Amino acid sequence: MNNYRTFLFVPGIKQKWFDKIPTFGADGVILDLEDSVPLHLKGEARGYVAEAIPHLCSKGINVFVRINKEEEFDLEDLRAVVVKGIKGLVLPKLYGPDDIESISKVLENLEHDQGIPRGTVKLLPILETAKSMQMAYEIAICERVIGIAGLSAKNGDVARALGYKWTNEGLETLYMRSKVVMAARAAGILPIGGLWQDVHNLDGLKRSAAFNRQLGFAGELILHPSNVSIVNEIYSPSEDEIIYYRGLVDAFELAESNGETAIMYQGEHIDYAHVKTAREILDIYQQLHQTSK
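Count along the sequence shown starting at 1, add 254, and that's the number in my numbering.
So, in structure tokens, the structure goes:
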């Protein structure tokens, strides 16, 4: 599974921004046809996005598209954007696994029509309704789903659905965020957090993203290119961590060769469980390092 530390929203109507996307450094880009596009410009944005997908994919950009949803997901959006190269769709305002099943049937037909292998187009549902948050695990285990997004934005759809009052500390969404992380991890997919709205308040962004990372999120949805490097860094192992975990593995392997599997390392008890964690973090670091080359 790809490491998606950052999913950057780019409004589908902002065609002039598309050429800059490769310079932003996000692991994934979400061309948005939903809330950032005025109703009377939906068709125009759809055309811009459909045209941009092959070009961006040819440059190695992981392209996702957020489509519209009223009662059902917008078929015109789907017909326009399901083309070769697209990584997936971001799904707003769904209620449960029935929504995933419904769109998957449509996608199977569209993939066939486009000559795309079945199951290629992945799904990233945003849990914006109370029902979808209650059914986080049932959604997470659905076919095609690579992650679920549990957002804690101020005055957004999630706030309205749950009725919470937003604070900088974020305790009002702690249960919801933790539930999303647990559901995603149990299903073996990515828990995705966000959405920091005060995009020029970079100190606030750092605090918010760091806390989400502590909770177990794998990455975040973000709104502004200036936020990409900050969030990427927070969701990447630091140099100090890499030095620590390399030393831990080396010390354990030396001890293991001498018949010991429970040792002290920098004052802490270490055994197989800690080494497994260390190796996973080192693997993530290696994957990110290779991707950046």
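Note that CB positions come from ideal geometry on N, CA and C, so glycine has one too. Everything numeric in this text was worked out from a predicted model, so none of it was measured.
- Comparing alpha carbon positions, the residue from P371, F465, G350 closest to E382 is G350.
- Looking at N486, P265, K274, I307, the one whose alpha-carbon comes closest to that of Y258 is N486.
- With 16 or more neighbouring CB atoms inside 10 Å of its own CB, E474 falls in the buried class.
- DSSP, read as helix, strand or coil, puts D457 in helix.
- With a cutoff of 8 Å on beta-carbon distance, I488 and A472 are scored as not near each other.
- Going by beta carbons, L378 and G410 fall outside the 8 Å limit.
- Between the stretch 300-312 and the stretch 279-291 there are three or more C-beta pairs closer than 8 Å, enough to call the two in contact.
- Taking every protein chain shown into account, the CB of M518 has fewer than 16 other CB atoms within 10 angstroms, so this residue is exposed.
- Taking all protein chains shown into account, Y429 has fewer than 16 neighbouring C-beta atoms within 10 Å of its C-beta and is therefore exposed.
- Assignment of T260 by DSSP, reduced to helix, strand and coil, places it in the strand class.
- Counting only the Cα atoms, G417 lies some 36 Å from F272.
- In the three-state scheme derived from DSSP, where H, G and I count as helix and E and B as strand, H543 is classed as helix.
- For P351, the enclosing alpha helix (DSSP H) stretches over residues 351-368.
- For G282, the uninterrupted beta strand (DSSP E) run begins and ends at 282-286, by DSSP.
- Its chain contains F272, L285 as the residues whose beta carbon lies nearer than 7 Å to that of A306, once the 5 sequence neighbours on both sides are disregarded; these appear in chain order.
- Within the same chain, and ignoring the five residues on either side of A415 in sequence, the residues whose Cβ sits closer than 7 Å to its Cβ are E382, T383, A384.
- Note on Y526: under 16 other CB atoms within 10 angstroms of its CB, so exposed under the neighbour-count rule.
- With respect to the 8 Å criterion, R398 and G373 are classified as neighbours on the basis of their beta carbons.
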